[in-house]
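**Student:** Attaching a single structure in structure tokens format; questions to follow.
There are 4 protein chains.
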Amino acid sequence: MGMIGGGTGSFIGDVHRKAASIDGMIDLVCGAFSSSAEKSIASGKALYLPENRCYRSYEEMIAKEKQLPEDVRMDFVAIVTPNHMHFPPAKMALENGFHVVCDKPMTLTLDEAVELEKIVEKSGKLFALTHNYTGNSLVKQAKAMVDNGDLGKIRKIQVQYLQGWLSTAVEATGQKQAAWRVDPKRSGIGGALGDIGTHAENLVEYITGLKIEELAADLGRFGEGRVLDDDGNVLIRMENGAKGTMSFSQIALGEENNLAIKVYGEKGSLEWHQENPNQLITHWLDEPVKIFTPNGNNLYPEALAVSRIPAGHPEGYLEAFATVYKNFATHLLAVLNGEIIEKPDYPTAKDGVRGMQFIYASVESDKNNAAWTKLS
Amino acid sequence: MGMIGGGTGSFIGDVHRKAASIDGMIDLVCGAFSSSAEKSIASGKALYLPENRCYRSYEEMIAKEKQLPEDVRMDFVAIVTPNHMHFPPAKMALENGFHVVCDKPMTLTLDEAVELEKIVEKSGKLFALTHNYTGNSLVKQAKAMVDNGDLGKIRKIQVQYLQGWLSTAVEATGQKQAAWRVDPKRSGIGGALGDIGTHAENLVEYITGLKIEELAADLGRFGEGRVLDDDGNVLIRMENGAKGTMSFSQIALGEENNLAIKVYGEKGSLEWHQENPNQLITHWLDEPVKIFTPNGNNLYPEALAVSRIPAGHPEGYLEAFATVYKNFATHLLAVLNGEIIEKPDYPTAKDGVRGMQFIYASVESDKNNAAWTKLS
Amino acid sequence: MGMIGGGTGSFIGDVHRKAASIDGMIDLVCGAFSSSAEKSIASGKALYLPENRCYRSYEEMIAKEKQLPEDVRMDFVAIVTPNHMHFPPAKMALENGFHVVCDKPMTLTLDEAVELEKIVEKSGKLFALTHNYTGNSLVKQAKAMVDNGDLGKIRKIQVQYLQGWLSTAVEATGQKQAAWRVDPKRSGIGGALGDIGTHAENLVEYITGLKIEELAADLGRFGEGRVLDDDGNVLIRMENGAKGTMSFSQIALGEENNLAIKVYGEKGSLEWHQENPNQLITHWLDEPVKIFTPNGNNLYPEALAVSRIPAGHPEGYLEAFATVYKNFATHLLAVLNGEIIEKPDYPTAKDGVRGMQFIYASVESDKNNAAWTKLS
Amino acid sequence: MGMIGGGTGSFIGDVHRKAASIDGMIDLVCGAFSSSAEKSIASGKALYLPENRCYRSYEEMIAKEKQLPEDVRMDFVAIVTPNHMHFPPAKMALENGFHVVCDKPMTLTLDEAVELEKIVEKSGKLFALTHNYTGNSLVKQAKAMVDNGDLGKIRKIQVQYLQGWLSTAVEATGQKQAAWRVDPKRSGIGGALGDIGTHAENLVEYITGLKIEELAADLGRFGEGRVLDDDGNVLIRMENGAKGTMSFSQIALGEENNLAIKVYGEKGSLEWHQENPNQLITHWLDEPVKIFTPNGNNLYPEALAVSRIPAGHPEGYLEAFATVYKNFATHLLAVLNGEIIEKPDYPTAKDGVRGMQFIYASVESDKNNAAWTKLS
């Protein structure tokens, strides 16, 4: 793995490295960790990389790695930069024969997303988008339960992703994570929308297997001087007639990382909370409440497949994130060995396009006073 | 207390009787428990009432009780009938000098509600609407915290009232509670809207002290053949600029009585769940999560005032309901004794009008594909 | 009902009155509310009793009520005094033809308990001991599950009753509830042991249907100057070979009323927490965790029988307490009507003797450095 | 790092590898993964190790690695074998100049433990014992709160470690994890005692900073034919006069990995549950309940130091385990660089001796019908 972005002090770069390392399948072999050549090289050294694999720019990295022998050079790049720097390196990497893992939202604009999906297809290379929450064992269980019809036809959905860390103007205090997220040039047209709303959108569509058909979004800009949304309340209608609410926020004071979903069907319902990720709460017409736990009783194979440790030993954020990497690496290994995997299980460019459609539809709806707007 | 409705087998009539009795301030002395004279009298007897106080109709009850000596006759009527039978007996009781406790929603139509508010005012009699959840100790605490500015300016609200008991067509099985609730003639223009949505609306306005200015409602009619809504997803905007979501449902399979609210301010936030009513969860900018419990540490007087038992002894649905009765009875006693209570603390006809405005605005919004609609 | 003890300002007297009133089966008709004649009469008046039914002493009450016509006089007495005043009025009431409801622990000494059991038997009158937690719907469910063999043979038990209100020397501040509880003359040889340990003991034996055979008790007296225990840690061995721990305390700082029990069998296990009384958590060999709720799915008739309101409307401490009264009143009504009830479901003098045996065995064990001591 | 034990299919070996890899400080460079030379080599290859670093035995590994250049050879060994194979390789590694990380309990016998502590001291090498739960951020917070006197003098303790996986005779089904744990030759004189009881003991002493002075243990052997304990109920007395209960079990049906502790002081109390490890619940005399979360508000530096990701992103079992490795590796790096770390924060041989003393005292107490027995 070669990393683009994620220099010393970065949040998500460090997460990617830890997640990639847990399962012992992936080694960091090189990186272009910063737009500053100097900082990039210093970061690489701090990560114990040999100096000749610490690059001054991603362009240099891709170019030079390409010239290395196949068994030495990086197999794929991991792109962990702010949103505006997703598309250029992804495109270059793919076009130069490297597979790609990319943070979300996939691109700065919807146009870029559509184009990137085509580039991926044309390249024949693998592309994973790190919608990390889909890697949780009980999210897999939830999806399997819906897929197997246990819940019956889905009628109602509630999804939320609530944070409070932008309740005050932390972007004005030199906090880098905040600074780029509130800046349209680096973040795109969505603020909280792109940063966490897309996770909510992805989780709904992943678990239910249903597309959001249209939405009515009422975005908020509560932080003084903010151009981008830091809060959103959204009505959603699914392609099958189900209805629901979505709420996301970065000014929900006191919330840490409260991603949660409830799905109600005609025969059963389920509920999952990211902050307490080792419980899947389910309700049934004629049975008591049932709670599933990772590696516990009565799970579907899809859920069992991604647990690393026995029941009762909590797996958390990093482990779910690692599952995206693991499934990507497993697919990559198969490809390298000339094998075929029927249904690789990780988010792809298609999910990335959906995310950008969600952002664009929400912003448009909001401009029209929350008028119903289709995702497309 | 004389009761109108609530015959043998009734749900809410029994609740009213239990709630009224807990604090030892109110005795049931007479009743017209059913539109069937025969059933009314049988019900009264089963409640150990003397035969001459078991009436054949509410008209008879009001007329005859009026002729009894003051210290014998009922002081007030409790109206616990389906919605269409709220206005007529309330009007008659008030106009004949009796105080009234009435179940919610206050009336069948908005016009009736507006008229009833005037009748109450003209009569000079007391009128309590049983928005029972406001009687909970920690709801009082929540309101006091907002009133005292602990949370700062309110920015975001989430409220929900989710039930699942109409997931299947129980109204077709002879279940009486279901039958009238899905019937516009007895229920009014709102289904779940009137039955539980009004509780959600009332709770938001009670705790925050803010009015819902406008809403965008997407109602569902999931049960086959249902004319009235059995589900709703609503965007709300408060008079101060706060935004939020409201969700209510009677087809949220597996949900029992899941009324819950979250309120986020600039300085703090709070969260209360009716099914776990003895915890008020609060978050703060610079402090750990704090959980308040009834009769526990650091409560406002308003919260302490309504606890009956020491901390750790859970009070539930009936106790909160009883608090509405207790506060009404305390006010009534003061009035009877010629005393004045500054701020009687129970819901009134004004709240009833708000509830009907909420129902009407929601139905109108829904007809216009969830267009923003003002409450008025 | 005539009440002995429970004057103005009392805690448990008020609880008894509220609990007795909820179901509309019991009226308070007279009382001797205090050892001070004056205070007794004032308390009765404050409860709206006619003056001639407010007595100066329990002796007077029993004597005078006996002379009233059968349909006027009280049917039973409720004894809500400190422990040393349980036996004398209970004995007198029974011997004068009145049924008795008595607070726990049943008596001041084990000898009194054994004698009282005999007096009850000889009198042919009903006697209920208010081990109120057994009235909870899910405690009934737990008992029924064990009785029906759902859990298989019981192997392990954990029970605790933790409070923190005596963490500081509140008895020195004039707090009456504390004062008599730390005084051996009024409380007996057990402190926390008698006050709450007996509830833990009763709950174990009620749910499992098994007797505690022997115990090893390590009592603590942490409050300065305290003669009686304010904390206890106990090993227990059940008659069937099951083992367990019991912990009770009134110096477990911050605990409010944390009574909880876990029972592990060969086929399943269960867990119930008094402070969250509307959940019964169960585990199974080959099934997911199942949570039962009052009036929810798949309950035994014994559990359904004692719920008053639909699922999701929490019932709490008072309602469970009320169930003891309700079941006692139902039995009494049957007896008055010459009917027979097969298995009246409320705690009796037999339970009271067990409680005293538990106190005495614990104190003896503690004196012998926690040596194993049989209950008898 | 060179690993001893932990071949393909092992549970704890895999955990050690994942935990060691998360923070990017440790590479697995060689191993003797099994007592079978063949299996050892196959396991090493499956872990992508070069063939010449896959050894046939730990003796071979230590001997050969010693001859490699310093910058190539392993820095330390990780011993992840069953208990009877801890002492021999630990001794050999230390005496040949390698640092050691060892799984718990430290040795097969108390004598070995005492000797190993001496060998460590004599060798001057580092030795870490993987009491992994001490690596959790909120366990650090709990310890810091006690150390700083926030809770005042400790009075009461409850600790438990409950599992249910040996409820049935899984050792008879070929389950390897179970087989060696119920076999005294490989496990030692303690069953559940050594496997999980030592974690409970360690957690109590780590958080409170107090030694268990004496204990009274009632061990159970519920599984048919089991020689070693599979359940235990223990009274404990701490050196400062605090009292408490300890319960551990592997037949507590349905429990997954329920390690939990409550500590009550004169000024405050705290509660932590391993299965919900991202909450530290605290109670106070005059304040509401406060809940601390990793990287949340108001934490001590010791707790902040070990969080890897922002608040609300759950860290779990592996992350806490990884913290032991990280703190060990940090210490090792300092030593290699000739630096000094004042208070390295990971469990050592001293903790290992305490664990063995705990096992021996418990077994002796149990033989004497739970007589009080000192730890020494």
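Keeping their order, the protein sequence lines are chains V, H, G and D.
Each residue of the first sequence is one higher than the one before, counting from 1 in the UniProt record's numbering.
Each residue of the second sequence is one higher than the one before, counting from 1 in the UniProt record's numbering.
Each residue of the third sequence is one higher than the one before, counting from 1 in the UniProt record's numbering.
Each residue of the fourth sequence is one higher than the one before, counting from 1 in the UniProt record's numbering.
Idealized CB from N, CA, C, for every residue including glycine.
1. Using a Cβ cut-off of 9 Å, which residues of the region 280 to 296 of chain G contact any Cβ in chain H, in chain order?
2. At what residues does the alpha helix (DSSP H) containing residue 455(G) begin and finish?
3. Whether or not the region 182 to 199 of chain H and the region 289 to 299 of chain V are in contact is what I'm after, with contact meaning three or more pairs of Cβ atoms, one per stretch, closer than 8 Å; do they touch?
4. Anyone know if the C-beta pair for residue 118(D) and residue 98(D) falls short of 8 Å?
5. Would you please verify whether the beta carbon of residue 370(V) is less than 8 Å from any beta carbon of chain H?
6. Kindly give me the distance between the Cβ atoms of residue 141(D) and residue 303(D), rounded to whole angstroms, as I take these residues to be in contact under 8 Å.
7. Taking a Cβ distance cut-off of 7 Å, strictly less, list which residues of the region 234 to 253 of chain D are near chain G, in chain order.
8. Is it true that the CB of residue 48(H) sits closer than 8 Å to the CB of residue 31(H)?
9. Is the region 74 to 82 of chain H in contact with the region 1 to 18 of chain H, if contact means three or more CB pairs nearer than 8 Å?
10. With a cut-off of 8 Å, does the C-beta of residue 266(V) fall near any C-beta of chain H?
11. At the 8 Å Cβ level, is residue 222(G) part of the contact set with chain D, yes or no?
12. Roughly how many whole angstroms lie between the Cα atoms of residue 91(G) and residue 211(G)?
13. Output, in sequence order along the chain, the residues in the region 302 to 325 of chain G whose CB is closer than 8 Å to any CB in chain H.
14. Going along the chain, which residues of the region 41 to 58 of chain H sit with their C-beta nearer than 8 Å to a C-beta in chain G?
15. Against chain V, with Cβ distances strictly below 8 Å, would residue 15(D) count as a contact?
16. Since I believe residue 134(D) is in contact with residue 347(D) (beta carbons under 8 Å), could you give me their beta-carbon distance rounded to a whole number of angstroms?
17. Could you confirm whether any beta carbon from chain D is found closer than 8 Å to the beta carbon of residue 96(H)?
18. Does the Cβ of residue 163(V) have 16 or more other Cβ atoms within 10 Å, making it buried, or fewer, making it exposed?
19. For residue 463(V), which residues in chain G fall below 8 Å Cβ to Cβ?
20. When we look at the beta-carbon of residue 340(V) and count the other beta-carbons within 10 Å, is it buried (16 or more) or exposed?
21. When the cut-off is 8 Å and only beta carbons count, does residue 172(H) lie next to chain V?
22. Going by DSSP in three states, residue 57(V) sits in which element: helix, strand or coil?
23. Residue ranges of each beta strand (DSSP E) run of no fewer than 3 residues wholly in the UniProt domain "GFO/IDH/MocA-like oxidoreductase" (139 to 271) of chain V, ordered along the chain?
24. Taking 8 Å as the threshold (C-beta atoms), are residue 151(D) and residue 263(D) in contact?
25. Can you tell me whether residue 65(H) is buried or exposed? The criterion is at least 16 other CB atoms within 10 Å of its CB, across all chains shown.
26. Any C-beta of chain G within less than 8 Å: which residues of the region 203 to 222 of chain D qualify?
27. For residue 282(D), which beta-bridge partners are listed by DSSP?
28. Taking 8 Å as the CB-CB limit, is residue 277(H) close to chain G?
29. Are residue 236(G) and residue 146(G) touching if we call contact CB-CB under 8 Å?
30. Determine the direct distance from the alpha carbon of residue 260(V) to that of residue 279(V), and round the result to whole angstroms.
31. Rank 14(H), 353(H), 364(H) by C-alpha distance to the C-alpha of residue 120(H) and give the top, closest one.
32. Kindly provide the ranges of any beta strand (DSSP E) runs that are 3 or more residues long and lie completely inside the region 11 to 83 of chain G, ordered along the chain.
33. Please identify the residue among 370(D), 176(D), 137(D) whose C-alpha is closest to the C-alpha of residue 313(D).
34. Taking the CB atoms as reference points, tell me whether residue 265(V) and residue 157(V) lie closer together than 8 Å.
35. Quick check on DSSP: helix, strand or coil for residue 106(H)?
36. Determine the contact status of residue 200(D) and residue 250(D), defining contact as a CB-CB distance below 8 Å.
**Tutor:** Answer, in terms of the structure:
1. 293, 295, 296
2. Residue 455(G) falls outside the range modelled here, since chain G spans only 1 to 376, and no answer is possible.
3. no
4. Residue mapping note: residue 118(D) aligns to position 118 of the fourth sequence, counting from 1. Residue mapping note: residue 98(D) aligns to position 98 of the fourth sequence, counting from 1. Result no, Cβ atoms of residue 118(D) and residue 98(D) do not sit closer than 8 Å.
5. On the first sequence, residue 370(V) is found 370 positions in, with the first residue counted as 1. Taking Cβ atoms only, chain H reaches closer than 8 Å to residue 370(V), which makes this a yes.
6. Taking the first residue of the fourth sequence as position 1, residue 141(D) is located at position 141. Taking the first residue of the fourth sequence as position 1, residue 303(D) is located at position 303. Confirmed, about 4 Å.
7. 235, 243, 244, 245, 247, 249, 251, 252, 253
8. As a working mapping, residue 31(H) is identified with position 31 in the second sequence. As a working mapping, residue 48(H) is identified with position 48 in the second sequence. No, they are not a contact pair.
9. yes
10. Position 266 of the first sequence, counted from the start, is the residue given in the question as residue 266(V). Yes, its Cβ sits closer than 8 Å to a Cβ of chain H.
11. Residue 222(G) sits at position 222 when you count from the first residue of the third sequence. Yes, residue 222(G) counts as interfacial toward chain D.
12. As a first step, residue 91(G) must be located in the third sequence, where it is residue number 91. As a first step, residue 211(G) must be located in the third sequence, where it is residue number 211. Approximately 27 Å, taken between the alpha carbons.
13. 308, 309, 310, 311, 312, 313, 314, 315, 316, 317, 318, 319
14. 47, 48
15. Against the fourth sequence, residue 15(D) aligns to sequence position 15. At least one chain V Cβ lies under 8 Å of residue 15(D).
16. Translated into positions along the fourth sequence, residue 347(D) becomes position 347. Translated into positions along the fourth sequence, residue 134(D) becomes position 134. Contact holds; Cβ gap of about 6 Å.
17. Mapped onto the second sequence, residue 96(H) falls at position 96. No, its Cβ sits nowhere closer than 8 Å to a Cβ of chain D.
18. Locating residue 163(V) in the first sequence gives position 163, where the first residue counts as 1. Residue 163(V) should be labelled buried.
19. This structure leaves residue 463(V) out entirely; chain V is present only between 1 and 376.
20. One-based indexing of the first sequence puts residue 340(V) at position 340. It counts as exposed.
21. The sequence position of residue 172(H) within the second sequence is 172, counting from 1. Chain V, which has no Cβ nearer than 8 Å to the Cβ of residue 172(H), makes this no.
22. Position 57 of the first sequence, counted from the start, is the residue given in the question as residue 57(V). Note: residue 57(V) maps to coil in three-state DSSP.
23. 154 to 162, 212 to 220, 231 to 238, 243 to 249, 258 to 265
24. Taking the first residue of the fourth sequence as position 1, residue 263(D) is located at position 263. Taking the first residue of the fourth sequence as position 1, residue 151(D) is located at position 151. Cβ distance < 8 Å, so residue 263(D) and residue 151(D) count as in contact.
25. Your numbering for residue 65(H) matches position 65 in the second sequence. Buried, by the Cβ-count rule.
26. 216, 218, 220, 222
27. Here the question's residue 282(D) lines up with position 282 in the fourth sequence. Its beta-bridge partners are 270(D), 290(D).
28. Mapped onto the second sequence, residue 277(H) falls at position 277. It does: the Cβ of residue 277(H) has a partner Cβ on chain G nearer than 8 Å.
29. To locate residue 236(G), count along the third sequence from 1; it is residue 236. To locate residue 146(G), count along the third sequence from 1; it is residue 146. In this structure, residue 146(G) does not lie closer than 8 Å to residue 236(G) by Cβ.
30. Here residue 279(V) is taken as the residue at index 279 of the first sequence, counted from 1. Here residue 260(V) is taken as the residue at index 260 of the first sequence, counted from 1. The alpha-carbon atoms of residue 279(V) and residue 260(V) are separated by roughly 12 Å.
31. By one-based count along the second sequence, residue 120(H) stands at place 120. Closest by alpha carbon: 353(H).
32. 30 to 32, 76 to 79
33. Residue numbering aside, residue 313(D) sits at position 313 when the fourth sequence is read from its first letter. Among 370(D), 176(D), 137(D), the Cα nearest to that of residue 313(D) is on 137(D).
34. Translated into positions along the first sequence, residue 265(V) becomes position 265. Translated into positions along the first sequence, residue 157(V) becomes position 157. Contact flag unset, no.
35. Working through the second sequence from its first residue, we reach residue 106(H) at position 106. Of the three classes helix, strand and coil, the one that applies to residue 106(H) here is coil, per DSSP.
36. Counting from 1 along the fourth sequence, the entry for residue 200(D) is found at position 200. Counting from 1 along the fourth sequence, the entry for residue 250(D) is found at position 250. In this structure, residue 250(D) does not lie closer than 8 Å to residue 200(D) by Cβ.
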